[in-house]
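Trainee: In order, the protein sequence lines correspond to chains A and B.
Taken in order, the first sequence gives residues 36 to 276; the numbers are from our numbering.
Taken in order, the second sequence gives residues 36 to 276; the numbers are from our numbering.
Protein chains: 2
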Amino acid sequence: MKKATEDYPASEDLSLRVQRNRLSSQVAAIIREQILTGQLLPGQRIVQAEWADRLGVSRMPVRDAINGLCLEGMLVQNSAGSAEVAPIDLEGLEDVFELNAITTALCARRAASRITPEEIAAAEDLNEEMGRAIGEGRLQDASELNWRFHRAVNIAARAPQLLALLRILARSTPHGSFEIIPEWPAQAYDDHKLILDALRVRDGERAASITRQHVLATAQPLLQRLAKRLSASRQPSSPLR
Amino acid sequence: MKKATEDYPASEDLSLRVQRNRLSSQVAAIIREQILTGQLLPGQRIVQAEWADRLGVSRMPVRDAINGLCLEGMLVQNSAGSAEVAPIDLEGLEDVFELNAITTALCARRAASRITPEEIAAAEDLNEEMGRAIGEGRLQDASELNWRFHRAVNIAARAPQLLALLRILARSTPHGSFEIIPEWPAQAYDDHKLILDALRVRDGERAASITRQHVLATAQPLLQRLAKRLSASRQPSSPLR
DNA sequence: CTTATGATGAATGGATACCATATACCAAAG
DNA sequence: CTTTGGTATATGGTATCCATTCATCATAAG
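#1: Pull out every residue of the stretch 119-138 of chain B whose Cβ sits closer than 9 Å to any Cβ of chain A, in chain order.
#2: Under 9 Å between beta-carbons, which chain B residues line up against Arg-145 (chain A)? List them in chain order, please.
#3: Could you round the C-beta distance between Pro-256 (chain A) and Ile-216 (chain A) to whole angstroms and report it? I think they count as a contact, below 8 Å.
#4: Output yes if chain A places a C-beta closer than 8 Å to the C-beta of Asp-226 (chain B); else output no.
#5: Grouping DSSP H, G and I as helix and E and B as strand, with all else coil, what is Gln-74 (chain A)?
#6: Can you give me the start and stop residues for the alpha helix (DSSP H) that Gln-79 (chain B) sits inside?
#7: Would you say Glu-85 (chain B) lies against chain A (beta-carbon separation less than 8 Å)?
#8: Taking only the alpha-carbon atoms, compute the straight-line gap between Asp-226 (chain A) and Ala-136 (chain A) and give it to the nearest angstrom.
#9: May I ask which residues mark the beginning and end of the beta strand (DSSP E) holding Ala-118 (chain B)?
#10: Using a Cβ-Cβ distance cut-off of 8 Å, determine whether Asn-56 (chain B) contacts chain A.
#11: What does the alpha-carbon distance come out to for the pair Pro-122 (chain B) and Leu-71 (chain B)?
#12: What distance in whole Å lies between the Cβ atoms of Arg-80 (chain A) and Ser-117 (chain A), which are believed to be in contact at a cut-off of 8 Å?
#13: In chain order, what residues of the same chain have a beta carbon less than 7 Å from the beta carbon of Met-165 (chain B), not counting five sequence neighbours either side?
#14: Does any C-beta atom of chain A lie closer than 8 Å to the C-beta of Ala-181 (chain B)?
#15: Quick one: which residues of the stretch 95-107 of chain B get their C-beta closer than 7 Å to a C-beta of chain A? List them in chain order.
#16: By how many angstroms is the C-alpha of Ala-146 (chain A) removed from the C-alpha of Ile-190 (chain A)?
#17: Ile-155 (chain B) and Leu-90 (chain B) - do their beta-carbons sit closer together than 8 Å?
#18: Please report the residue range of the beta strand (DSSP E) in which Val-111 (chain B) lies.
#19: Should the stretch 125-144 of chain B be called in touch with the stretch 239-249 of chain B, which here means at least 3 C-beta pairs below 8 Å?
#20: Please classify Glu-107 (chain A) as buried or exposed, where buried requires at least 16 other C-beta atoms within 10 Å of its C-beta.
#21: Interface residues of chain A around Ser-207 (chain B) at Cβ under 7 Å?
#22: Return helix, strand or coil for Ile-215 (chain B), following the three-state DSSP convention.
#23: Confirm, please, whether the CB-CB distance from Ala-194 (chain A) to Ala-157 (chain A) is below 8 Å.
#24: Mind pulling the chain B residues with CB within less than 8 Å of Leu-141 (chain A)?
#25: Report the neighbours of Ile-70 (chain A) on chain B: residues whose CB is nearer than 9 Å to its CB, in chain order.
#26: Let's test the definition: count the other Cβ atoms within 10 Å of the Cβ of Asn-162 (chain A) and tell me whether it reaches 16, buried, or not, exposed.
#27: Would you say Asp-130 (chain B) and Leu-234 (chain A) are within 8 Å of each other, going by their C-beta atoms?
#28: Return helix, strand or coil for Gly-91 (chain B), following the three-state DSSP convention.
#29: Could you confirm whether any beta carbon from chain A is found closer than 8 Å to the beta carbon of Ile-245 (chain B)?
#30: In this structure, how does DSSP classify Ile-230 (chain A) when only helix, strand and coil are distinguished?
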């Protein structure tokens, strides 16, 4: 049961890092969500005190959230330090999707040489469970399991820097492929099996290439939905601002 | 002289965003530096109060710095929230270098269609000034000008999301190519001219491909230096931990 | 002697109050 | 109409304080 002294002060198991819900991350999630769904438009100022009231917390977690969102590029700060929603460049977001795919692929490549049989088995379990969820029409669950599958592979790459980037990339792009692309869940299930096959035989290049395409496939529909949402909320309020 | 009312509440000119030196970013820079030079080793705990004393500031800017460094992946937080230096995976860092090159290349591609003649001229000026600095042996200045050249091109891409990613990528990797690769300054000057040529004729693909190779070329020497530093500081202190 | 249990200490996220500073806004003066 | 100057506002930072939570250690039980 582990030496228990201090070979690894804390980071003994990166996979179970629960990230106990800090208020700041909840606040960040809310704001991020509103930006990616067009409820909060580029140029909108984000005032700490306002959001603090609105959400019933103090200024501090809001401040932390804003700082994080600035680092992610969702907000920008003007010279005075006040934050506003960053302009959204759809073409640039396309590039971000591509980077997301590339980074995930790099993780898969590293994972091919580093993943353990147990981890492969665990990932396979997740995928099979996802398959069942899809079969039973539980899309929400399936989406969650999909997320956990990819996370499992990414963690198996044992590259903390890549993992951090991936987190940011994932947060910078809209989600919901399972809900808006009817045939995607089934496709995802099959793709995952191919990825697992490649990992099993430690074929990093193949794992990477499949992963890249797999992730990239969701980009266009998601971007189109975002574009629609953005134009939909831009029009009614003011023609051009 | 601009309408001056409120066409653009704040983000009127992304290029001059001065980022007035917040204490938190200074603190972050110090810690980051110590990690990337091997003075602060993976596993080291970062205690807010300690660094607050040491640097003569309050806990808050240290806290902000730690939060930022966690997002960047330089630190990891254990379940209790206490932060420690993330394990450095050199192969993973190699991937980060590649991502840096790819992202910079994507920026160059976007810039090719969006950059203005004035911006091209400004970038060219920077490169020429860099050439002079190199000729006169002012490596420090040259390095700074190199940075500004790339920044100018990246900003011309007008993709805030990419810019944010690039900032993180740049911070995640070691620097100093001008100092440790004797022939690099001259090479950089020439590469920059090629990039400018491609931008001038709006050949995005060529600009991207040159940029990618240009950035990637510095990876190996920098990684080797980091590897040396890490093993150098790991040995004397304690055999394995 | 080893394992389980409980208690203590340390560090964090968060709340609150306060201040100096720098910007944005607005109104009056040229 | 433009410029100038003053005021209000929001921010980063400091200083405390607190509840929670984890790590460590000592003790008790097997």
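From the three backbone atoms N, C-alpha and C, an ideal C-beta is built for every residue, glycine too.
Mentor: By the coordinates alone:
#1: Glu-119, Ala-121, Pro-122, Ile-123, Asp-124, Glu-126, Gly-127, Leu-128, Asp-130, Val-131, Glu-133, Leu-134, Ile-137 and Thr-138
#2: The sequence position of residue 145 (chain A) within the first sequence is 110, counting from 1. Asp-124, Glu-126, Gly-127 and Asp-130, listed in chain order.
#3: In the first sequence, counting from the first residue as 1, residue 256 (chain A) sits at position 221. In the first sequence, counting from the first residue as 1, residue 216 (chain A) sits at position 181. Pro-256 (chain A) to Ile-216 (chain A), Cβ: 5 Å. Contact.
#4: As a first step, residue 226 (chain B) must be located in the second sequence, where it is residue number 191. Asp-226 (chain B) does not count as touching chain A.
#5: Taking the first sequence and counting its residues from 1, the one referred to as residue 74 (chain A) is at position 39. It is coil, neither helix nor strand.
#6: For the purposes of this step, residue 79 (chain B) is taken as residue 44 along the second sequence, with counting starting at 1. First-last for Gln-79 (chain B): undefined, no H or E at that position.
#7: For this step, residue 85 (chain B) is matched to residue 50 along the second sequence. Chain A, which has no Cβ nearer than 8 Å to the Cβ of Glu-85 (chain B), makes this no.
#8: Your numbering for residue 226 (chain A) matches position 191 in the first sequence. Your numbering for residue 136 (chain A) matches position 101 in the first sequence. Rounded to whole angstroms, Asp-226 (chain A) to Ala-136 (chain A) spans 14 Å at the Cα level.
#9: Residue numbering aside, residue 118 (chain B) sits at position 83 when the second sequence is read from its first letter. Start and end: 118-120.
#10: As a working note, residue 56 (chain B) is residue 21 in the second sequence. No, its Cβ sits nowhere closer than 8 Å to a Cβ of chain A.
#11: Here residue 122 (chain B) refers to the residue found at position 87 when the second sequence is read from its first residue. Here residue 71 (chain B) refers to the residue found at position 36 when the second sequence is read from its first residue. If I take the Cα positions, the gap works out to 12 Å.
#12: For the purposes of this step, residue 117 (chain A) is identified with residue 82 of the first sequence, where counting begins at 1. For the purposes of this step, residue 80 (chain A) is identified with residue 45 of the first sequence, where counting begins at 1. 6 Å between Cβ atoms; contact.
#13: Against the second sequence, residue 165 (chain B) aligns to sequence position 130. Excluding sequence neighbours, Met-165 (chain B) sits near Ala-177, Leu-180, Asn-181, Phe-184 and Tyr-224.
#14: Within the second sequence, residue 181 (chain B) is the residue found at index 146, counting from 1. Contrary to the premise, residue 181 (chain B) reads as Asn rather than Ala in this sequence. With 8 Å as the cut-off, Asn-181 (chain B) does not count as an interface residue toward chain A.
#15: Asp-99, Asn-102, Gly-103, Leu-106 and Glu-107
#16: Position 155 of the first sequence, counted from the start, is the residue given in the question as residue 190 (chain A). Position 111 of the first sequence, counted from the start, is the residue given in the question as residue 146 (chain A). Ile-190 (chain A) and Ala-146 (chain A): Cα-Cα distance of roughly 8 Å.
#17: On the second sequence, position 55 is the one that residue 90 (chain B) refers to. On the second sequence, position 120 is the one that residue 155 (chain B) refers to. Cβ distance not < 8 Å, so Leu-90 (chain B) and Ile-155 (chain B) don't count as in contact.
#18: Taking the second sequence and counting its residues from 1, one reaches residue 111 (chain B) at position 76. 110-112 is the extent of the beta strand (DSSP E) around Val-111 (chain B).
#19: yes
#20: Working through the first sequence from its first residue, we reach residue 107 (chain A) at position 72. With 16 or more Cβ atoms within 10 Å of its Cβ, Glu-107 (chain A) is classed as buried.
#21: Position 172 of the second sequence, counted from the start, is the residue given in the question as residue 207 (chain B). Near Ser-207 (chain B) (Cβ distances below 7 Å), the residues of chain A are Gln-196.
#22: On the second sequence, residue 215 (chain B) is found 180 positions in, with the first residue counted as 1. If DSSP states are grouped into helix, strand and coil, Ile-215 (chain B) belongs with the helices.
#23: Within the first sequence, numbered from 1, the residue matching residue 157 (chain A) stands at position 122. Within the first sequence, numbered from 1, the residue matching residue 194 (chain A) stands at position 159. Not a contact, by the Cβ cut-off of 8 Å.
#24: Residue numbering aside, residue 141 (chain A) sits at position 106 when the first sequence is read from its first letter. Correct list: Asp-130, Glu-133 and Leu-134.
#25: Your numbering for residue 70 (chain A) matches position 35 in the first sequence. Correct list: empty, because the minimum Cβ distance to chain B is about 11 Å.
#26: For the purposes of this step, residue 162 (chain A) is taken as residue 127 along the first sequence, with counting starting at 1. Buried: at least 16 other Cβ atoms inside 10 Å.
#27: Translated into the one-based positions of the second sequence, residue 130 (chain B) becomes position 95. Translated into the one-based positions of the first sequence, residue 234 (chain A) becomes position 199. Not closer than 8 Å, so no.
#28: Within the second sequence, residue 91 (chain B) is the residue found at index 56, counting from 1. Looking at Gly-91 (chain B) - three-state DSSP - the assignment turns out to be coil, as it is neither helix nor strand.
#29: Residue mapping note: residue 245 (chain B) aligns to position 210 of the second sequence, counting from 1. It does not; no Cβ of chain A falls within 8 Å.
#30: By one-based count along the first sequence, residue 230 (chain A) stands at place 195. In this structure, Ile-230 (chain A) counts as helix in the three-state DSSP scheme.
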